[in-house]
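Undergrad:
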Amino acid sequence: MRPDERVGERSPEPRRGADHNVMREVNRSLVLALVKEGGPVSRASIARSTTLAKPTVSAIVDELIADGLVRELGPGSTAVSGGRPPILLEFNARSQLVVGAHIGARRTTVAIGDAAGEEIARREFPTPTALAAGVAGADPAGAGTHIAGVAPADALRMVAAEARAAIQGTALPTARLAAVGAVLPGLTDFHTGVCLLAPNLGWRDVPVRDILAGELGAPVYVHNAGQAAAVAENLEGAGGRVGDLALLYAGTGLSAGVLSDGRVFHGVGGTAGEIGHNAVPGNEEPCNCGKVGCLETVASGPAIVRAVRRAVAAGEPSSLAGLDTFDARDVATAARAGDALAASVIAEIGAHLGLAASWLINAYNPAVVVVGGGLAPIGDLLLDPLRASVARHALAPALRGVEIRASVLGPDAEVRGAVLLALQHSETYYRVVFRA
Ligand SMILES: [Zn+2]
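For what it's worth, UniProt numbering labels the leading residue of the sequence shown as 1, then goes sequentially.
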């Protein structure tokens with residue numbers, strides 16, 4: 001049983017006590033949600049909104065106060081009837097802490113959030129991994145060098161130490177840590193908490209959840225960067241809380257985070273959304289995953305650089321021709337400055353990304369597709385051909401009303417997603433369905 005899916009679970013034998021406990025938990029989470037989202041509120045107004053009996057509400061509120069989740073604010077304004085003014089209750093956001101850790105290819109960000117998701121501390125440092133030595137010096141922030149030859153377990157222990165130090169810096173008790181969200185640049189299995197493959201870190205089958213949980217003493221939820229960015233853009237960015245959202249995560253690689261009703265669609269092995277490894281007929285380019293012809297080999301940052309190099313080698317004129325090293329951002333800058341080759345390469349990659357977006361639209365029927373990851377800042381130069389390609393490839397009924405938007409959160413999306421996912425999983429999740 002997954003901790004976020006308690007309702008609907010059936011025990012093999014009917015057990016009255018278990019049913020009673022479930023009802024009590026449902027009622028508790030209803031009351032807590034009302035205080036959290038509608039507070040400050042009185043006990044009487046909670047009873048009215050939930051139609052629970054007043055003594056039931058009072059008992060639950062007493063329990064929430066004792067647990068430190070809710071506190072009394074003092075009396076509100078005098079009741080209309082002229083009676084004693086009710087005591088108002090508010091949610092105590094600092095009663096719980098979560099850690100969100102985004103372990104990026106180059107840099108790692110650890111953020112401490114409270115139970116309302118507000119960030120109260122953040123630490124950023126070079127990602128301590130074995131392969132990172134290969135990109136040392138290329139770090140745009142220039143903040144220190146990467147630590148070479150660090151084993152994944154040791155790297156995760158260093159991330160945990162940074163998280164502990166960040167919590168200590170808040171002066172709040174470490175015991176309030178309720179959950180950890182860990183976000184990685186690669187294939188992850190949410191159900192086992194294992195990072196299956198992260199070529200940029202040189203990681204394969206790393207038990208991220210177990211290592212971090214051992215270090216931090218709290219449940220750990222592991223997601224990939226696209227899933228985290230999707231959750232963050234939905235709640236705080238371009239998604240506007242639509243719930244049914246697909247995020248095309250285009251950068252070094254290509255993947256997607258797919259949300260249904262605000263929650264990540266994982267699939268049985270946790271690899272749902274890896275559309276970058278769907279094959280494109282006729283494409284013979286070898287991929288990081290070991291296969292040939294994957295979409296990400298023609299629709300990613302490295303694909304942009306390869307396409308420019310190939311054209312330059314074939315004699316096409318470009319301002320990038322004399323450069324030893326350049327990246328996708330340099331190609332975008334050249335395109336904006338009037339470089340025709342750079343512009344046509346970006347348009348071509350945009351069209352390939354549009355193909356990926358049309359797959360997402362046809363398969364999942366989202367309300368919004370957000371384009372995130374390292375290529376998103378290229379903007380309309382990439383998005384215009386992407387939209388044109390979507391219009392050409394997506395099924396008309398699936399495309400109706402779909403909006404394609406650029407990421408709003410930028411490089412903050414992954415770590416915000418890590419915090420929000422930790423929070424989402426630490427809350428008991430009940431989906432109440434009313435039927436007429
Ligand atoms: Zn592949």
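Beta carbons are placed, not taken as given, at the ideal position from N, Cα and C, and that holds for glycine.
Mind checking whether W359 and I275 have CB atoms under 8 Å apart?
TA: Cβ atoms of W359 and I275: closer than 8 Å.
Undergrad: Should N224 be listed as close to ligand 1, given that the test is whether its C-beta is under 7 Å from any heavy atom?
TA: No.
Undergrad: Can you grab the Cα-Cα spacing for the pair T56 / V70, in whole Å?
TA: C-alpha separation (whole angstroms): 16 Å.
Undergrad: Which same chain residues end up closer than 6 Å to Q227 when comparing Cβ atoms and leaving out the 5 residues on each side of it in sequence?
TA: Taken in chain order, the residues that qualify are G257, V264.
Undergrad: Can you tell me which of the three DSSP states N288 falls into?
TA: Note: N288 maps to coil in three-state DSSP.
Undergrad: In whole angstroms, what is the alpha-carbon distance linking P366 and L30?
TA: Roughly 28 Å separates the two Cα atoms.
Undergrad: Just verifying my parser: in three-state terms, what is the DSSP assignment at R405?
TA: Reduced to three states, the DSSP call for R405 is strand.
Undergrad: Do V208 and G186 count as a contact pair if the criterion is CB distance below 8 Å?
TA: Result no, Cβ atoms of G186 and V208 do not sit closer than 8 Å.
Undergrad: With the cut-off set at 8 Å, would you say I361 and V390 are in Cβ contact?
TA: Cβ distance < 8 Å, so I361 and V390 count as in contact.
Undergrad: Check whether the Cβ atoms of A116 and A166 lie closer than 8 Å to each other.
TA: Not in contact: A116 and A166 (Cβ atoms no closer than 8 Å).
Undergrad: Which class does T109 belong to by DSSP, given the choice of helix, strand or coil?
TA: Here T109 sits in strand by DSSP.
Undergrad: Below 8 Å on the Cβ atoms is my contact criterion, and I expect L375 with A225 to pass it. Report the Cβ-Cβ distance as a whole number of Å.
TA: About 13 Å separates the two Cβ atoms, so there is no contact after all.
Undergrad: Cα separation between S300 and P40?
TA: Spanning the two alpha carbons is a distance of roughly 48 Å.
Undergrad: Buried or exposed for V292, please, with buried defined as at least 16 other CB atoms from any protein chain shown within 10 angstroms of its CB.
TA: So V292 counts as exposed.
Undergrad: Use the C-beta contact count for L201: other C-beta atoms within 10 angstroms, 16 or more gives buried, fewer gives exposed.
TA: Buried: at least 16 other Cβ atoms inside 10 Å.
Undergrad: Please report how far the alpha carbon of A44 lies from the alpha carbon of F91, in whole angstroms.
TA: Spanning the two alpha carbons is a distance of roughly 16 Å.
Undergrad: In the structure shown, what three-state DSSP assignment does E90 receive?
TA: It is a strand residue.
Undergrad: Could you tell me the distance, in whole angstroms, from the CA atom of L295 to the CA atom of A246?
TA: Cα to Cα, L295 sits roughly 17 Å from A246.
Undergrad: Roughly how many angstroms separate the alpha carbons of G262 and D244, rounded to a whole number?
TA: If I take the Cα positions, the gap works out to 6 Å.
Undergrad: Does DSSP classify G315 as helix, strand or coil?
TA: Reduced to three states, the DSSP call for G315 is coil.
Undergrad: As an exercise, report each continuous alpha helix (DSSP H) stretch of at least 4 residues that is fully enclosed by the stretch 301-357, in chain order.
TA: Counting whole runs of 4 or more residues, the stretch 301-357 contains the alpha helix (DSSP H) stretches 301-313, 328-336.
Undergrad: Can G181 and A93 be called in contact, C-beta distance under 8 Å?
TA: Result no, Cβ atoms of G181 and A93 do not sit closer than 8 Å.
Undergrad: Let me confirm a value: L395 is counted as buried when at least 16 other C-beta atoms fall within 10 Å, else exposed. Which label applies?
TA: Burial call: exposed.
Undergrad: Report, in whole angstroms, the separation of the C-beta atoms of L64 and G74, which I expect to be a contact under 8 Å.
TA: About 17 Å separates the two Cβ atoms, so there is no contact after all.
Undergrad: Between which two residues does the alpha helix (DSSP H) harbouring D189 extend?
TA: Counting along the chain, D189 falls outside any alpha helix (DSSP H), though it belongs to the beta strand (DSSP E) covering 187-189.
Undergrad: Consult DSSP for L420 and reduce its assignment to one of helix, strand or coil.
TA: Looking at L420 - three-state DSSP - the assignment turns out to be helix.
Undergrad: Give the straight-line distance between the Cα atoms of Y221 and G273, rounded to the nearest whole angstrom.
TA: Using only the alpha carbons, I get a separation of about 17 Å.
Undergrad: Say yes only if the C-beta of H277 is nearer than 7 Å to one or more non-hydrogen atoms of ligand 1, and no if none qualify.
TA: Yes, the beta carbon of H277 sits closer than 7 Å to at least one heavy atom of ligand 1.
Undergrad: Quick one: residues in its chain with C-beta nearer than 6 Å to the C-beta of G253, no 5 flanking neighbours on either side, listed in chain order?
TA: Here the set comprises G276, E296, S300.
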